[in-house]
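Novice:
Numbering (this note's numbering), first residue to last: 314 to 561.
Pasting the structure below:
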């Protein structure tokens with residue numbers, strides 16, 4: 314009887330131990346499953362966060378691209394507008410371009426002298442600069458001031474010649490004749506004398522005084538035969554002489 318009781322107790326204990334072991338195994342497996350599920354959730358959550366990040370970057374890039382496209386469109390529109398403005402300005406400038414300034418014929422350009430004065434005086438240089446810029450009225454005034462202030466200068470004949478050129482270029486031919494004649498009368502052997510006599514002939518021709526013009530050209534050819542001005546005088550004489558005649 315006693316032995317039966319012992320075996321019964323052992324059977325119950327074994328059963329209880331087996332049940333506990335089974336419960337522990339189930340708990341272990343359940344815990345492992347929950348851990349795997351949690352790990353899967355973590356992975357899914359990380360991928361979702363990464364996906365959200367990538368979606369945000371893509372949206373930002375699309376927005377930047379849209380802004381660039383809008384900026385390019387605005388720049389293109391601005392360039393077209395600038396082209397239209399430029400064409401309008403060019404058209405207006407063409408309509409307002411002043412007529413070309415008549416070319417001034419210089420028979421013998423102003424030479425650079427290095428005489429006793431060591432070069433042209435400043436006042437003379439200033440006057441010649443005004444003449445070169447076609448500011449004839451101011452140039453005449455400056456040359457006349459130079460003649461008054463430095464009457465002993467070797468550039469006085471040049472000053473009278475350029476005063477004549479200023480009047481000639483301004484179509485004030487009677488005054489030009491007076492200025493050119495001063496060079497002939499005062500300094501007949503000066504380098505500007507042949508040019509002054511040539512311009513006297515040109516002035517008479519412009520005033521329709523053909524006989525006086527012819528006389529001036531003939532005097533130039535006789536008095537200064539080897540000068541460049543004499544060559545031009547011969548050309549003018551040949552153009553006004555009867556056919557067959559020739560200037561000597």
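Yeah, the Cβ is synthetic: ideal placement off N, Cα and C, and Gly gets one too.
Below 8 Å between beta carbons: does that hold for residue 536 and residue 513?
Specialist: For the purposes of this step, residue 536 is taken as residue 223 along the chain shown, with counting starting at 1. For the purposes of this step, residue 513 is taken as residue 200 along the chain shown, with counting starting at 1. No; because the gap between Cβ atoms is not below 8 Å, this pair is not in contact.
Novice: When the distance is taken between beta carbons, is residue 544 closer than 8 Å to residue 516?
Specialist: As a first step, residue 516 is located in the chain shown; it is residue number 203 there, counting from the start. As a first step, residue 544 is located in the chain shown; it is residue number 231 there, counting from the start. The answer is no: Cβ separation not under 8 Å.
Novice: Leaving out five residues on either side along the sequence, give the residues of the same chain with a beta carbon under 6 Å from the beta carbon of residue 452.
Specialist: The count along the chain shown starts at 1 and reaches residue 452 at position 139. Answer for residue 452: 440, 443, 444, 479, listed in chain order.
Novice: Taking its Cβ as the centre, do 16 or more other Cβ atoms sit within 10 Å of residue 477, making it buried, or is it exposed?
Specialist: For the purposes of this step, residue 477 is taken as residue 164 along the chain shown, with counting starting at 1. Under this definition residue 477 is a buried residue.
Novice: Could you check if residue 471 is buried or exposed, using at least 16 other CB atoms within 10 Å of its CB as the buried criterion?
Specialist: Residue numbering aside, residue 471 sits at position 158 when the chain shown is read from its first letter. So residue 471 counts as buried.
Novice: Would residue 549 be called buried (16 or more neighbouring beta carbons within 10 Å of its own) or exposed?
Specialist: As a working note, residue 549 is residue 236 in the chain shown. By the 10 Å Cβ count, residue 549 comes out buried.
Novice: Assign residue 392 to one of two classes, buried (16 or more other C-beta atoms within 10 Å of its C-beta) or exposed (fewer than that).
Specialist: Here residue 392 refers to the residue found at position 79 when the chain shown is read from its first residue. So residue 392 ends up on the exposed side.
Novice: Since residue 531 is in the alpha helix (DSSP H), which residue starts that stretch and which ends it?
Specialist: What you label residue 531 is simply residue 218 of the chain shown in a count that begins at 1. Residue 531 -> alpha helix (DSSP H) spans 523-536.
Novice: Give the straight-line distance between the Cα atoms of residue 540 and residue 501, rounded to the nearest whole angstrom.
Specialist: Working through the chain shown from its first residue, we reach residue 540 at position 227. Working through the chain shown from its first residue, we reach residue 501 at position 188. Whole-angstrom Cα-Cα distance: 13 Å.
Novice: Should residue 534 go down as buried or exposed, given a rule of 16 or more other Cβ atoms within 10 Å for buried?
Specialist: Indexing the chain shown from 1 puts residue 534 at position 221. Residue 534 is buried by the Cβ-count criterion.
Novice: Given that a residue counts as buried once 16 or more other Cβ atoms are within 10 Å of its Cβ, and exposed if not, what is residue 510?
Specialist: The sequence position of residue 510 within the chain shown is 197, counting from 1. Buried, because 16 or more other Cβ atoms sit within 10 Å of the Cβ of residue 510.
Novice: Please state if the CB of residue 459 and the CB of residue 436 are separated by a distance shorter than 8 Å.
Specialist: Residue mapping note: residue 436 aligns to position 123 of the chain shown, counting from 1. Residue mapping note: residue 459 aligns to position 146 of the chain shown, counting from 1. Against a cut-off of 8 Å, the Cβ pair of residue 459 and residue 436 comes out as a contact.
Novice: I think residue 553 touches residue 523, with their Cβ atoms under 8 Å apart; what is that distance to the nearest whole Å?
Specialist: Taking the first residue of the chain shown as 1, we reach residue 553 at position 240. Taking the first residue of the chain shown as 1, we reach residue 523 at position 210. Contact holds; Cβ gap of about 7 Å.
Novice: Could you tell me the distance, in whole angstroms, from the CA atom of residue 506 to the CA atom of residue 483?
Specialist: Your numbering for residue 506 matches position 193 in the chain shown. Your numbering for residue 483 matches position 170 in the chain shown. Straight-line Cα distance between these residues: approximately 21 Å.
Novice: Can you tell me which of 462, 463, 450, 465 puts its alpha carbon nearest to the alpha carbon of residue 475?
Specialist: As a working mapping, residue 475 is identified with position 162 in the chain shown. Per the Cα distances, 450.
Novice: Can you tell me where the alpha helix (DSSP H) with residue 547 in it begins and where it stops?
Specialist: Mapped onto the chain shown, residue 547 falls at position 234. 541-553 is the extent of the alpha helix (DSSP H) around residue 547.
Novice: Out of 519, 473, 538, which one is the CA nearest neighbour of residue 497?
Specialist: To locate residue 497, count along the chain shown from 1; it is residue 184. Residue 473 is the option with its Cα nearest to residue 497.
Novice: Could you tell me which whole alpha helix (DSSP H) segments of length 4 or greater appear in the stretch 419-492?
Specialist: The qualifying runs are 435-445, 449-462, 469-482.
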